[in-house]
Structure formats: structure tokens, C-alpha cells
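Student: 33 is the number of the first residue of the sequence shown in the numbering used here; add one for each residue after it.
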Amino acid sequence: MNLASIRADVAVLDELLREIAQRPVDVRDPDWQANLRRAPAPVEEAGVAAEAAAALEALLDAYEKGGPSIREEVRAVFRDFPSFRWAAHLPAEWESVAEFRRGLMHVSAMDQGDDPRDQLMRIWWLCHRARSRGIDVEPVLREVADLSSDVDRYGFGSVRTRIMRGLEIHDLG
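#1: Would you call the segment 112-119 in contact with the segment 152-168, where contact means no fewer than 3 C-beta pairs closer than 8 angstroms?
#2: Express the C-alpha separation of Gly189 and Ala90 in angstroms, rounding to a whole number.
#3: To the nearest angstrom, how far is the alpha carbon of Pro114 from that of Leu45?
#4: Cα-Cα, which of Trp64, Leu122, Asp63 is closest to Glu83?
#5: Among Val129, Ala40, Arg55, which residue has its Cα nearest to the Cα of Leu88?
#6: List the whole-angstrom C-beta distance separating Arg185 from Gln151, where the pair is believed to meet the contact cut-off of C-beta under 8 angstroms.
#7: Measure the beta-carbon distance from Gly172 to Ala141 and round it to whole angstroms, keeping in mind my assumption that it falls under 8 angstroms.
#8: What residue range is occupied by the uninterrupted alpha helix (DSSP H) comprising Arg39?
#9: Would you list, in sequence order, the uninterrupted alpha helix (DSSP H) runs of no fewer than 4 residues that lie entirely inside the segment 57-84?
#10: Alpha carbons only, please: which of Arg70, Arg103, Gly79, Arg111 is nearest the one belonging to Gln144?
#11: According to DSSP, simplified to helix, strand and coil, what is Ser180?
#12: Quick check: the Cα distance between Ser101 and Arg70, rounded to an integer number of angstroms?
#13: Quick one: what's got a C-beta closer than 6 angstroms to Arg192's C-beta in the same chain, skipping five residues either side?
#14: Whose C-beta lies closer than 6 angstroms to the C-beta of Val129 among residues of the same chain, with five residues either side of it excluded?
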């Protein structure tokens with residue numbers, strides 16, 4: 033697995049997504065949320081959906097299979113290319129333990145992203161969805177937490193700590 037090549041691909045994708053990612057949203061418009069929901073996904077608008085999905089999968093494969101230095105390198109890719117980090121996502125619909133685990137790996141690899149509060153909400157959403165499908169979340173949370181960073185970048189706790197907060201049960205309805 034050649035992370036330098038993946039990084040180069042992500043750099044190009046980040047550049048192609050930057051204008052969309054930085055486009056202002058007029059939250060004074062009463063329809064701003066509906067307009068965002070109706071808009072095509074940023075990777076589709078930029079015409080790079082397949083390339084972004086492939087790069088994301090390659091990064092997550094490296095993160096999952098690599099050692100600590102590879103995982104840190106993957107985290108650095110997500111830190112260095114915020115437009116890609118913002119736009120590239122796994123499918124929203126999933127059913128299996130493997131897909132739940134992959135979603136947590138994505139959260140872990142993004143290493144707090146732009147806002148650790150959003151990340152915590154994502155973890156809770158993933159766990160809520162998994163529980164509603166009969167998935168035992170605890171072993172998956174522990175496994176992914178063990179691969180996660182223990183650095184607290186924003187004063188909200190490390191990703192490792194935050195992933196374990198997935199054990200909390202919240203009404204997200």
C-alpha cells in the first residue's frame with residue numbers, strides 16, 4: 033500500500049472540492065437546510081465521487097491494517113486536506129457489524145476533524161444505528177478505540193476516549 037500515492041490523489045481531490053467546501057451558506061435564508069439537502073453531494077457536484085470513494089477506502093484500509101506509524105500518516109492526510117475530509121463519506125445506509133466498524137474507523141482516522149462535538153454526535157449516531165440492528169457495539173468500540181489516537185487536540189478528550197463514549201445510550205430520535 034503506497035500512502036504517498038494515496039496522499040497525492042487526495043491532494044488533487046481536495047483542490048477540486050475546495051471551492052464547494054468553502055462556499056458560504058446563508059443561514060438567514062429560511063430554506064437553507066432544505067436547499068443543502070436537495071443539493072448533490074459535494075463529490076458528485078465536483079465530478080469526483082468514484083475517485084473520492086476509492087481514496088477514502090484506500091486510506092481506511094491502510095489505517096485498519098497498518099501499524100501506529102501508518103495510522104498517524106493517515107490521520108495526517110485527513111488533517112492536511114480538510115475539503116476532502118469534509119466531502120468524502122462512507123455510505124449512510126448500512127446494516128452489518130463490518131460496516132459499523134468501518135464507520136468507526138473513519139471517525140478514528142479523521143482524528144477529531146474540525147469539531148470534536150460533531151464527531152461525538154457521529155459516534156452516538158453510529159452506535160444508535162448499530163444497536164437498532166442488534167449489533168453488540170462494545171467489542172467493536174473497544175477494538176477501534178485501541179487503534180485510535182490518545183491525543184486531545186481541542187480540550188474535549190482524545191478520539192480514543194470519545195469512541196468509548198459510544199457506550200453511552202442517547203435518544204437520537
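No residue lacks a Cβ here, since even glycine has one placed at the ideal position from N, Cα and C.
Tutor: According to the data block:
#1: The segment 112-119, when compared against the segment 152-168, does not touch it at the 8 angstroms Cβ threshold.
#2: In a straight line, the C-alpha of Ala90 is about 27 angstroms away from that of Gly189.
#3: Approximately 11 angstroms, taken between the alpha carbons.
#4: If you compare the alpha carbons of Trp64, Leu122, Asp63 with that of Glu83, the shortest gap goes to Leu122.
#5: When C-alpha distances from Leu88 are compared across Val129, Ala40, Arg55, the shortest belongs to Ala40.
#6: Their Cβ separation, rounded to whole angstroms, is 11 angstroms, which puts Arg185 and Gln151 out of contact at 8 angstroms.
#7: This sequence places Val at residue 172; Gly is not what is there. Contact between Val172 and Ala141 fails: their C-beta atoms lie close to 15 angstroms from each other, not under 8 angstroms.
#8: Per DSSP, Arg39 is one residue of the alpha helix (DSSP H) stretching across 35-53.
#9: With a minimum length of 4 residues, the continuous alpha helix (DSSP H) runs that stay inside the segment 57-84 are 64-70, 74-77.
#10: The shortest Cα separation from Gln144 among Arg70, Arg103, Gly79, Arg111 belongs to Arg111.
#11: In the structure shown, Ser180 sits in coil (DSSP, three-state: anything other than H, G, I, E or B).
#12: For Ser101 and Arg70, the distance between alpha carbons rounds to 40 angstroms.
#13: Within its own chain, the residues whose Cβ lies closer than 6 angstroms to the Cβ of Arg192, once the five positions on either side in sequence are excluded, are Ala177, Ser180, Asp182, listed in chain order.
#14: Only Ile167 meet the Cβ criterion.
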